[in-house]
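One gets this note's numbering by counting positions in the sequence shown from 1 and adding 333 to each.
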Amino acid sequence: MQGIFSDRISDVPRSFIREILKVAIDPTIISFAGGLPNRDLFPVEEIKKAAIRVLEEDGKRALQYGNSEGLFELRKYISERYMKKQHLEIPVENILITNGSQQALDLLAKVILNEGDSVVVEEPGYLGALQTFSVYRARLIPVPVDEEGMDVGALKTTLLNEKIKLIYTVPNFQNPSGITYSDRNREEIAHLLRGKATILVEDNPYGELRFSGENKRSFRAIIPENAVLLGSFSKIVAPGVRLGWIVAPDFLMEKIITAKQAADLHTNCLSQRVVYQYLVDNDVDLHVKKIVEVYGRQRTMMLSSIKAHFPASVKSTEPDGGMFLWVTLPRGMSAMKLFHESIKRKVAFVPGDPFYVNKTDVNTIRLNFSCSDEKTIEIGIRRLADVIKKNLRYL
Ligand SMILES: Cc1ncc(COP(=O)(O)O)c(C=O)c1O
């Protein structure tokens, strides 16, 4: 139907990942392309028990409308967990429950961005965020990240030259690269923002999935007035419950509540109550420890296979947590071309292209290690190594 769509949606390209992954659905393909948590670790029985308990003990309340901020008990649990895990003092009033942290991004963009406003994003950056900011017709300004964190020099220049309302970061075990910002890098970024009308988003869905190294300071602890913190139960419980949250300073929270009301009144009450029941009836730390052990072993196997089989000219990040690592191929080697050849050898990954704002035919790739066991990882990396070596000859 001609002329029916808004400019807002017409300008956003279809998900590149979804398109290319159509090729990778063949079950005989070893896939490092997905971005999902490992479903074998979902606490199905425990959630079932929690759901029965909620419905039997307080079913009518669980099925009624709730308030826009979210279930008080769940917000209190989150506040207490911040204190326990990170010594972060966050009042319950500054926490709002969302339909996954993806909705938190949407609400923030709705509250802060006008068409054409500039947003700093990481390069490479999380695709879901790039898409959300594009829907609000923001101008995306990529700033590179590396093993230390965000390029402070590039950020400083950008802040001098542009009015930046929002900076989007994933400082712990970043998607797609697996890198973590150092404490020093965080301090330097905070120093640039102090006293400025710029919001820094710290999207932290992977923070509890740490295999090695020390926890880093949250931006919320360093610059509370500028920082908005996003959290999620997707990677520590299950993504299907669609529960995340947003931690914002008072002046922002009021507007976020209004945006939440307009979007969906509130997050699913049943889901909130069931997950809350699950959290209080079970040893969540033990559950997270199990996930960390499994992903940690798989990460170690992927890294040691890369070291053993990839040519020395191929570089990889060495994540201390999360679900992904990032590989840089020799200069001039096309990740897209490698992808098509790898599919023929029955191994898949995501070429780096969609994680950049304005670069194509790049030489970087994202590998996921959460969903394949160690043996499969070894076989898959060997196959990938063969394809890379074959391509080296054409450089
Ligand atoms: C960096 C990042 N932010 C947000 C999300 C979305 O998470 P949620 O399931 O909480 O919406 C993801 C999911 O992969 C992610 O990697």
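C-beta atoms are modelled at their ideal positions from N, C-alpha and C, and glycine is treated no differently. Treat the numbers as computed from the prediction; the structure is a model and nothing was measured.
Quiz item: alpha helix (DSSP H) containing GLY486: first to last residue?
Solution: Working through the sequence shown from its first residue, we reach residue 486 at position 153. It spans 485-494 - the alpha helix (DSSP H) in which GLY486 sits, taken as one unbroken run.
Practice task
Check whether the Cβ of VAL503 lies closer than 7 Å to any heavy atom of ligand 1, and answer yes or no.
Solution key: Taking the first residue of the sequence shown as 1, we reach residue 503 at position 170. VAL503 Cβ: within cutoff of ligand 1.
*Does the Cβ of ASN508 lie closer than 7 Å to at least one heavy atom of ligand 1?*
Within the sequence shown, numbered from 1, the residue matching residue 508 stands at position 175. Under cutoff, so the answer is yes.
Item to check | Three-way DSSP call (helix, strand, coil) for VAL503 in this model | outcome: Locating residue 503 in the sequence shown gives position 170, counting from the first residue. It is coil, neither helix nor strand.
Exercise. For PRO582, which residues of its own chain have a beta-carbon under 6 Å away from its beta-carbon, when the five flanking residues on both sides are left out?
Worked result: By 1-based counting over the sequence shown, the position of residue 582 is 249. The residues are GLU558.
**Item:** VAL377 versus ASN615, HIS673, LEU542 and LYS418, residue with shortest Cα-Cα distance
**Value:** Residue numbering aside, residue 377 sits at position 44 when the sequence shown is read from its first letter. Selected option, being the one with the closest Cα: ASN615.
Let's see if you can read the secondary structure: which residues bound the alpha helix (DSSP H) around GLY433? Within the sequence shown, residue 433 is the residue found at index 100, counting from 1. Counting along the chain, the alpha helix (DSSP H) containing GLY433 begins and ends at 433-445.
inquiry  = Less than 7 Å separating the Cβ of SER434 from some heavy atom of ligand 1?
reply    = What you label residue 434 is simply residue 101 of the sequence shown in a count that begins at 1. Yes, the beta carbon of SER434 sits closer than 7 Å to at least one heavy atom of ligand 1.
Span of the alpha helix (DSSP H) holding GLU674?
-> Within the sequence shown, numbered from 1, the residue matching residue 674 stands at position 341. That run of the alpha helix (DSSP H) goes 668-677.
### Task
Would you please state the rounded distance, in angstroms, between the beta carbons of GLY540 and ASN518? I believe it to be under 8 Å.
Start at 1 with the first residue of the sequence shown, and residue 540 comes out as number 207. Start at 1 with the first residue of the sequence shown, and residue 518 comes out as number 185. In fact, because the Cβ distance is near 16 Å, the residues do not count as touching under 8 Å.
Margin query: Tell me the DSSP secondary structure of LEU725 in three-state form.
Written below: Along the sequence shown, one-based indexing puts residue 725 at 392. Three-state result, LEU725: helix.
Query - Cutoff 8 Å; reference GLN435; Cβ partners in own chain excluding five residues on either side - result: Here residue 435 refers to the residue found at position 102 of the sequence shown. So the list reads GLY461, THR465 and GLY577, once near-sequence residues are dropped.
- Task: May I ask you to check if the CB of GLY577 is nearer than 7 Å to at least one heavy atom of ligand 1?
- Result: Residue numbering aside, residue 577 sits at position 244 when the sequence shown is read from its first letter. GLY577: yes, Cβ under 7 Å from ligand 1.
Quiz prompt | Own chain residues within Cβ distance below 7 Å of ASP719, not counting five before or after | solution = Residue numbering aside, residue 719 sits at position 386 when the sequence shown is read from its first letter. For ASP719, where only same-chain residues beyond five positions count, the Cβ hits under 7 Å are ARG678.
What separation, rounded to the nearest whole angstrom, lies between the Cα atoms of ALA442 and LEU725? Along the sequence shown, one-based indexing puts residue 442 at 109. Along the sequence shown, one-based indexing puts residue 725 at 392. Distance between the alpha carbons of ALA442 and LEU725: 43 Å.
message: Less than 7 Å separating the Cβ of GLY511 from some heavy atom of ligand 1?
response: Taking the sequence shown and counting its residues from 1, one reaches residue 511 at position 178. GLY511 Cβ: outside cutoff for every heavy atom of ligand 1.
The beta strand (DSSP E) enclosing GLY577, as first and last residue numbers:
Stepping through the sequence shown from its first residue, residue 577 is reached at position 244. Start and end: 577-580.
- When you compare only the Cα positions, how much space is there between LYS648 and LYS529? Position 315 of the sequence shown, counted from the first residue, corresponds to residue 648. Position 196 of the sequence shown, counted from the first residue, corresponds to residue 529. Those two C-alpha atoms are separated by around 37 Å.
Check: Out of curiosity, what's the CA-to-CA distance linking LEU671 and GLY685?
Finding: Indexing the sequence shown from 1 puts residue 671 at position 338. Indexing the sequence shown from 1 puts residue 685 at position 352. If I take the Cα positions, the gap works out to 11 Å.
Helix or strand or just coil, what does DSSP make of ASP536? As a working mapping, residue 536 is identified with position 203 in the sequence shown. Residue state, collapsed to three classes: strand.
Let me check one thing: in DSSP terms, what residues is ALA595 bridge-paired to? Position 262 of the sequence shown holds residue 595. Bridge partners of ALA595: none, in fact.
Are TYR501 and GLU455 closer than 8 Å when you measure CB to CB? For the purposes of this step, residue 501 is taken as residue 168 along the sequence shown, with counting starting at 1. For the purposes of this step, residue 455 is taken as residue 122 along the sequence shown, with counting starting at 1. Yes.
**OP:** Please classify LEU429: does DSSP put it in a helix, a strand, or coil?
**Re:** Within the sequence shown, the letter at position 96 stands for residue 429. Note: LEU429 maps to strand in three-state DSSP.
message = Using 8 Å as the threshold, is the C-beta distance between LEU369 and LYS623 below it?
response = Locating residue 369 in the sequence shown gives position 36, where the first residue counts as 1. Locating residue 623 in the sequence shown gives position 290, where the first residue counts as 1. In this structure, LYS623 does not lie closer than 8 Å to LEU369 by Cβ.
Practice task
Could you name the residues that DSSP lists as bridge partners for VAL454?
Solution key: The sequence position of residue 454 within the sequence shown is 121, counting from 1. Bridge partners of VAL454: PRO475.
(Q) By the DSSP assignment, the alpha helix (DSSP H) with ASN518 in it spans what residues? (A) For the purposes of this step, residue 518 is taken as residue 185 along the sequence shown, with counting starting at 1. First-last of the alpha helix (DSSP H) with ASN518: 516-526.
Exercise. Measure the C-alpha to C-alpha separation of SER401 and ARG606 and round it to an integer number of angstroms.
Key: Residue 401 sits at position 68 when you count from the first residue of the sequence shown. Residue 606 sits at position 273 when you count from the first residue of the sequence shown. Using only the alpha carbons, I get a separation of about 14 Å.
Just to confirm, is the Cβ distance from LYS498 to LEU463 under 8 Å? Along the sequence shown, read from residue 1 onward, the residue named residue 498 stands at position 165. Along the sequence shown, read from residue 1 onward, the residue named residue 463 stands at position 130. No, Cβ-Cβ distance for LYS498 and LEU463 is not below 8 Å.
Provide the residue span of the alpha helix (DSSP H) that contains ILE358, from first to last. One-based indexing of the sequence shown puts residue 358 at position 25. No alpha helix (DSSP H) contains ILE358, which DSSP labels as neither H nor E.
Nearest by alpha-carbon distance to LEU662: which of MET656, MET416 and ALA645 is it? Position 329 of the sequence shown, counting from 1, holds the residue named residue 662. Out of MET656, MET416 and ALA645, ALA645 has the C-alpha closest to the C-alpha of LEU662.
Where the beta strand (DSSP E) through PHE657 begins and ends
For the purposes of this step, residue 657 is taken as the residue at position 324 of the sequence shown. Counting along the chain, the beta strand (DSSP E) containing PHE657 begins and ends at 657-661.
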